[in-house]
Amino acid sequence: MKKVLVIPDSFKGSLSASEVCDIFKEEIKNIFPDCEIVCAPIADGGEGSADSFLYALGGEKISITAKNPFLEDIDTYYAIIDGGRTAVIELAATAGLNLAEGKKDPLVTSTYGVGQMISDAIQRGCETIIVGLGGSCTNDAFTGAAAAAGAEFFDGAGKSFVPTGGTLQDISRIDFSKLRKLVKNIKITAMCDVDNPLYGTNGAAYVFAPQKGADINAVKLLDDGLRHIADIIKRDTSVSVSDLPGGGAAGGAGAGIHSLFGGELRSGIDVLLDAVDFESAAADADFIFTGEGKLDRQSLGGKAVIGIARRAKPLNVPVIAVVGGVERGLSEIYGEGVTSVFAINRLPEDYALSRRKADKNLSETVGDILRLIKRL
């Protein structure tokens, strides 16, 4: 075995994707000391995305003071990669669900801090902005971020304000002039792994707002606000976001990035694979190792393991998935390009126990796989 590509997702609640990479590297070096190892921990757009890009590609961590969901200053950071040309920004860094713990309320939370980070990156000379949309506590259709980046929102009395989920219905007019000047010639891509529309029973408010603290009355108010902002955007820009797949991601941030910032929505795994030049890295590899905490029917949607397998299939490189657990009846994965699947748990035991042993279990399982490969 001369070269391998290690490209795992996190084992959520147990190991970060970077920690998984480190365990693979250690075991591979023990058994194949001369093997070239290329590591790229998967970033799906949620917390840890910036660090994953830095681990895989190198770059610079940019510290910044920005607003949290309640417009209070916090210290956070984003990543600059690609020789200073590309910024990787996590929405969760300033508008994450963890930042609202104990006071969740999507009627009042804001993405303003995300817009501050975008503005900062552009002012530093970045030409491409990647925004991860995972783990938000907001439902403001990214209007907060747009306000921070220069857009002005006016109510019926002509007074400017920063909208939140609960005040989207108050928007009467939007002045895009400063925002458009800022993002002119800037490529903005959102890592988006849901296809929910902006509003309606399958939209941002009804599907995601309850876990952000909204009761049924708040959900209705939030949904009405999303419908209203969609109408205003269509009136003022001729851009329709009503049926945009992924428009409902991160409380409507998908629709906001597309319509207010002129960005595109793409699968998180595809954004990462493009960034690490997956096809070139994998083409001459003997094996691709990937994995995630649980391989289940949701995985077939194209995240992590399946997304990698689909890109590896035309290259005819074996894909070995090492996972925390695997749901029965997933034979379809082999047609997608997965060669084999190994679960790391050594004994039948509750997750509360096994998660504490995840590092040891993963190490031993990877070691066993590599010993088998060495004997082939």
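Residue numbers 1 to 376, in my numbering, belong to the letters of the sequence shown in order.
Where is the CB? At the ideal position from N, CA and C, for every residue including glycine.
Of the other Cβ atoms in all chains shown, 16 or more fall within 10 Å of the Cβ of residue 109; this residue is therefore buried. Under DSSP, residue 189 shares a beta bridge with 130, 264. Distance from the CA of residue 297 to the CA of residue 160, rounded to the nearest whole angstrom, comes to 46 Å. Annotation: residue 18 is outside any beta strand (DSSP E); the continuous alpha helix (DSSP H) that includes it extends over 17-31. Shown here, residue 36 sits in a strand according to DSSP, grouped into three states. Contact check for residue 144 against residue 189 fails: the beta carbons are separated by 7 Å or more.
Within the same chain, and ignoring the five residues on either side of residue 21 in sequence, the residues whose Cβ sits closer than 6 Å to its Cβ are 6, 39, 41. Listed in chain order, the non-local C-beta contacts of residue 170 below 6 Å within the same chain comprise 155, local neighbours out to five positions each way being set aside. With fewer than three CB-CB distances shorter than 8 Å, the region 280-292 does not count as touching the region 73-84. Closest in C-alpha terms to residue 325, from the list 342, 224, 332, comes 342. Each residue's CA atom was taken as its position, placing residue 124 and residue 262 some 20 Å apart. By the beta-carbon neighbour count (other beta carbons within 10 angstroms, threshold 16), residue 348 is exposed. Secondary structure in the region 65-126: the alpha helix (DSSP H) runs of 4 residues or longer, each lying completely within the stretch, are 92-95, 112-123 in chain order. If the five residues before and after residue 23 are omitted, its C-beta is found closer than 6 Å to the C-beta atoms of 362, 363, all from its own chain and listed in chain order.
If you ignore the 5 residues before and after residue 127, its C-beta comes within less than 7 Å of the C-beta of 85, 186, 187, all in its own chain and listed in chain order.
Short of 6 Å from the beta carbon of residue 90, and not among the five residues preceding or following it, lie these beta carbons of its own chain, in chain order: 49, 50, 132. Closest by C-alpha distance to residue 196, out of 249, 277, 329, is 249. DSSP places residue 370 in no beta strand (DSSP E) but in the uninterrupted alpha helix (DSSP H) bounded by 358-375. Per DSSP, the continuous alpha helix (DSSP H) segment holding residue 51 begins and ends at 49-57. With contacts defined as CB atoms closer than 7 Å, residue 43 and residue 53 qualify as a contacting pair. If you draw a straight line from the Cα of residue 17 to the Cα of residue 8, it comes to about 6 Å. The criterion of a C-beta distance shorter than 7 Å is not satisfied by residue 149 and residue 130. Here the alpha carbon of residue 11 sits roughly 42 Å from the alpha carbon of residue 174.
Under the three-state reduction of DSSP output, residue 176 falls in the coil class, being neither helix nor strand. Pairing residue 311 with residue 102, the inter-Cα distance amounts to about 41 Å.
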